[in-house]
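Numbering (the numbering used here), first residue to last: 365 to 639.
Glycine included, each C-beta is placed from N, C-alpha and C at the ideal position.
Nothing here was measured: the structure is a model prediction, and the numbers come from that model.
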Ligand SMILES: [Zn+2]
């Protein structure tokens, strides 16, 4: 239906205007869908990239902590060696003391150095335990990192595919939209686009569903529904401002019972002179 908008001088009928607008709406909705589809993937890719950066930073930080702990252990080992050397020295001196007082002083020193050795050994044990835990943490983080990197690769491929796929489709749709738009009078097109951009679901034109507006679902009075069916005037929803058409024009109801009874067929055939 309505395949000829090319009657140069003849007025375009309201019915044809509505049909063209509705087709345009369908194409624009299709384009919106593509944008939504693509709109989520880049976000997911970015989230994964952020997470991977975070994991790498975390692993790097743990590695530095391990390095610090290892240095600490090395220092304590040197301290232990020197304490042990002191103990040996004091023990040797004890063999050559001249009185008990000197002997006791050396005994105190030996005790003190022994405590130093014990304390350092305890700290080394703790540090080694901590190193082990941190190394396990690194392994865990690296496993997660590997998983996320794989996810990222998959998502990136998916995104690239969709972009490549939809690019063609989008271009085709854009061309069709342009062709349709050129057949719509500028004032009407502008109004349609304004309604569309003001509506949350991007619908500038919609059809009557169960006696209500298909955009805002407010009831449409019977007389108005009848006017819409007549396709003689451009009628907008009094609540949301969307342009209204009957379901048959929208191609939603396959010409069946009630439509055949109420709608005279001739209006379509003689559409060009209807305006
Ligand atoms: Zn409405």
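- Counting other Cβ atoms within 10 Å of its Cβ, residue 581 stays below 16 and is therefore classed as exposed.
- Selection around ligand 1 by beta-carbon proximity, strictly under 6 Å to any non-hydrogen atom, yields 577, 579, 580, 582, 601, 603, 604 and 606 in chain order.
- In chain order, 477, 480 and 481 place their CB closer than 6 Å to the CB of residue 447, counting only its own chain and leaving out the 5 sequence neighbours on each side.
- Rounded to whole angstroms, the separation of the alpha carbons of residue 519 and residue 411 is 11 Å.
- Beta-bridge partners assigned by DSSP to residue 583: 576.
- Counting along the chain, the unbroken beta strand (DSSP E) around residue 607 starts and ends at 607-609.
- The three-state reading of DSSP puts residue 598 in coil, since its state is none of H, G, I, E or B.
- Residue 571 is bridged by DSSP to 609.
- Annotation note: the region 429-505 contains no uninterrupted alpha helix (DSSP H) run of length 4 or greater.
- When DSSP states are grouped into helix, strand and coil, residue 409 belongs to the helix group.
- Cβ neighbours of residue 616 within its own chain (closer than 7 Å, five residues either side excluded): 571.
- Taking residue 614 as reference, the option from 377, 388 and 419 with the minimal CA-CA separation is 388.
- In the three-state DSSP reduction, residue 378 falls in the helix class (H, G or I).
- Counting the other Cβ atoms within 10 Å of the Cβ of residue 561 gives fewer than 16, which makes it exposed.
- Straight across, the Cα-Cα distance linking residue 599 with residue 609 is about 8 Å.
- Within the same chain, Cβ atoms closer than 6 Å to the Cβ of residue 516 are found at 412, the five residues on either side in sequence being excluded.
- For residue 551, the enclosing alpha helix (DSSP H) covers residues 550-562.
- Put simply, the backbone Cα of residue 527 is about 38 Å away from that of residue 574.
- Linking residue 451 to residue 473 through their CA atoms gives a straight-line distance of about 8 Å.
- For residue 487, the closest alpha carbon among the candidates 505, 586, 589 and 436 is that of 436.
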